[in-house]
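Asker: The structure follows.
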């Protein structure tokens, strides 16, 4: 194939520009904390490094493209297929920039089926450890369960599903409101393994009518567990002492 | 329908998250592919592969297993292997085996500490399917009419004999640019489809699982639509243990990284649709057979 040495192909330039922009956007997301809305923090550094790689590759490519003898000749050689690909990529970039960064909503939690029985990465490795935790809290009189998040509780339920185990334990959890059919609500969080495509909703039932609360309101619920029979099965529900409205955290997911 | 706009916005966020999650892995794959293309000669690569038909597929599947790219980055590397003269059948074995790697198995072991045989079965079944599918494809000789036009062009263009440093740099830059943009285009389409499908209720798919084989089918459908990265899918699979037979959970982890919405979309940048369909059907059949065998042995 004969290559004209002083020719600059527009398609090469556009491709390079897209590499550069994609890399810049990944870096921007990392530096502004925006990545936390999409992927788990463990991938943060790798994503940032690959963002740098894309940015550098795009920049080097542009330099190389212009490194041709003068007079330079610009040639429009963008095929329809290439144009379509570039339109798709630019659309994705625009969507990423324009769409507000927000946590997944209760509507998605409803579709994905949030419950108290989802599997989570368990903080507690064995039932012995669980017993140790629970007994130490009752011995000292100060409740360490006060510090557990929703994922910790679901992890405990996995180890010992008997609701009576947790009766009377102090709960202090943060999550968003997911209305239930009976007018009460579940305080819910999404757990992500990799990115929000695999986000699984988990939640704790709260024995309180919605009243002024709306779906997706972020709340801090404090109270104690009591055991109730719901749809024929005994479950732990939070009997709340207080429900405090709060703003969505910067890192809305659990891992 | 009152929740429609919220679900729509969620879908867009899911769409974007799939891209954000996969793009760095694709970039890594393209870096490996570009370096492979420029610094490893065709002769050296082909010499590394044994002449024996079965051994060659086993060998290339193991290469895929140990290669430092996961299922998003393996497509650019596979394209490069084809461009370097590796037969299509062996490339298929590489592609399917690259769905797992030692990191994936370590993650699987972490998730399934209580059942370490899951790790062995996952690795064994994946490698077996990769080799068998490659061997079946090899029965048709070194077919090139299954490749897309862009791959055939790459086979002709790149040549590293007698290149200056400047030429090599130009070549790496060109390969990196073209490969990344092609993969990104496919990724955007795949992510859009996956984001739409993930808005469907997962419980409705799971509800069809009334027998072990139906459970496997349900889990394979879930794996296809959920399009989860193989390094973490074990933790998602863990959520189904107890509700589904272990064989179907293993099938989820074997099938998902090989065939999912994103991987099919990326494969279409290299292979023609009918070939991707054939590969997918072969993998589906083999995963189902392996699931039946696991059921027979009480797994």
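Residue numbers (my numbering), protein chains in the order written: chain X, 4 to 258; chain U, 5 to 303. In this text, a Cβ means the ideal position worked out from N, Cα and C, and glycines have one as well.
Can you grab the Cα-Cα spacing for the pair residue 109 of chain U / residue 197 of chain X, in whole Å?
Answerer: 16 angstroms
Asker: Give the straight-line distance between the Cα atoms of residue 127 of chain X and residue 96 of chain X, rounded to the nearest whole angstrom.
Answerer: Residue placement at residue 127 of chain X cannot be trusted, given a pLDDT of 49 that sits under 50; what the coordinates show is reported in the next sentence. In a straight line, the C-alpha of residue 127 of chain X is about 41 angstroms away from that of residue 96 of chain X.
Asker: Please report the distance separating the alpha-carbon of residue 241 of chain U from that of residue 79 of chain X.
Answerer: 49 angstroms
Asker: For residue 110 of chain X, count the other beta carbons within 10 Å of its own beta carbon; 16 or more makes it buried, fewer makes it exposed. Which is it?
Answerer: buried
Asker: Please report the Cβ distance between residue 76 of chain U and residue 33 of chain U, rounded to the nearest whole angstrom; I am assuming they are in contact, meaning their Cβ atoms lie under 8 angstroms.
Answerer: 7 angstroms
Asker: Got a sec? Which residues, its chain only, sit under 7 angstroms from residue 171 of chain U by beta carbon, not counting five neighbours each side?
Answerer: none
Asker: The segment 163 to 174 of chain X: which residues have C-beta closer than 9 angstroms to a C-beta of chain U, in chain order?
Answerer: none
Asker: Are the CB atoms of residue 41 of chain U and residue 102 of chain U within a distance shorter than 9 angstroms?
Answerer: no
Asker: Could you check which residue in U:262, U:274, U:18 has the C-alpha nearest to that of residue 74 of chain U?
Answerer: Comparing Cα-Cα distances from residue 74 of chain U to each of U:262, U:274, U:18, the minimum goes to U:262.
Asker: Between residue 98 of chain U and residue 68 of chain U, which are expected to be in contact by the criterion C-beta below 8 angstroms, what is the C-beta distance as a whole number of angstroms?
Answerer: 4 angstroms
Asker: Taking the alpha-carbon positions, what's the residue 126 of chain U to residue 187 of chain X distance?
Answerer: 43 angstroms
Asker: Just verifying my parser: in three-state terms, what is the DSSP assignment at residue 102 of chain X?
Answerer: Reduced to three states, the DSSP call for residue 102 of chain X is coil.
Asker: If you draw a straight line from the alpha carbon of residue 60 of chain X to that of residue 37 of chain X, how long is it in whole angstroms?
Answerer: 23 angstroms
Asker: Taking all protein chains shown into account, decide if residue 105 of chain U is buried (16 or more other Cβ within 10 angstroms of its Cβ) or exposed.
Answerer: buried
Asker: Would you decide whether residue 146 of chain U is buried or exposed? Buried here means 16 or more other CB atoms lie within 10 Å of its CB.
Answerer: exposed
Asker: Mind pulling the chain U residues with CB within less than 7 angstroms of residue 19 of chain X?
Answerer: 181
Asker: With a CB to CB cut of under 6 angstroms and the five nearest residues on each side skipped, what residues in its chain are close to residue 22 of chain U?
Answerer: The answer, listed in chain order, is 195, 198.
Asker: So does the segment 42 to 61 of chain U actually touch the segment 226 to 239 of chain U, counting three or more Cβ pairs closer than 8 angstroms?
Answerer: no
Asker: Does residue 73 of chain X pass the burial test, meaning 16 or more other C-beta atoms within 10 Å, or should it be called exposed?
Answerer: exposed
Asker: Is the distance from the Cβ of residue 22 of chain X to the Cβ of residue 82 of chain X below 9 angstroms?
Answerer: The answer is no: Cβ separation not under 9 angstroms.
Asker: When Cβ atoms are compared, which residues of the segment 89 to 102 of chain X fall closer than 8 angstroms to chain U?
Answerer: Within the segment 89 to 102 of chain X, those residues whose Cβ lies closer than 8 angstroms to any Cβ of chain U are, in chain order, 89, 91, 92, 94, 95, 98, 99, 102.
Asker: Could you give the uninterrupted runs of the alpha helix (DSSP H) lying entirely in the segment 60 to 91 of chain U, keeping only those of 4 residues or more?
Answerer: 78 to 87
Asker: Ordered along the chain, which non-local residues of its own chain (more than five positions away) have a Cβ less than 6 angstroms from that of residue 10 of chain X?
Answerer: 76, 78
Asker: Report yes or no: is there a C-beta of chain X within less than 9 angstroms of the C-beta of residue 230 of chain U?
Answerer: yes
Asker: When the distance is taken between beta carbons, is residue 240 of chain X closer than 9 angstroms to residue 208 of chain X?
Answerer: yes
Asker: How many Å lie between residue 201 of chain X and residue 27 of chain U at the Cα?
Answerer: 17 angstroms
Asker: Across which residues does DSSP place residue 177 of chain X in a beta bridge pair?
Answerer: X:223
Asker: Take the Cβ of residue 144 of chain X as the centre, count every other Cβ of all protein chains shown within 10 Å, and call the residue buried at 16 or more, exposed below.
Answerer: Here the model assigns residue 144 of chain X a pLDDT of 45, short of 50, so the residue's position is not dependable and the matter cannot be decided.
Asker: Determine the extent of the alpha helix (DSSP H) in which residue 185 of chain X is found, giving its start and end residues.
Answerer: No alpha helix (DSSP H) holds residue 185 of chain X; DSSP gives it neither H nor E.
Asker: Quick one: does residue 114 of chain X have its CB under 9 angstroms from some CB of chain U?
Answerer: yes
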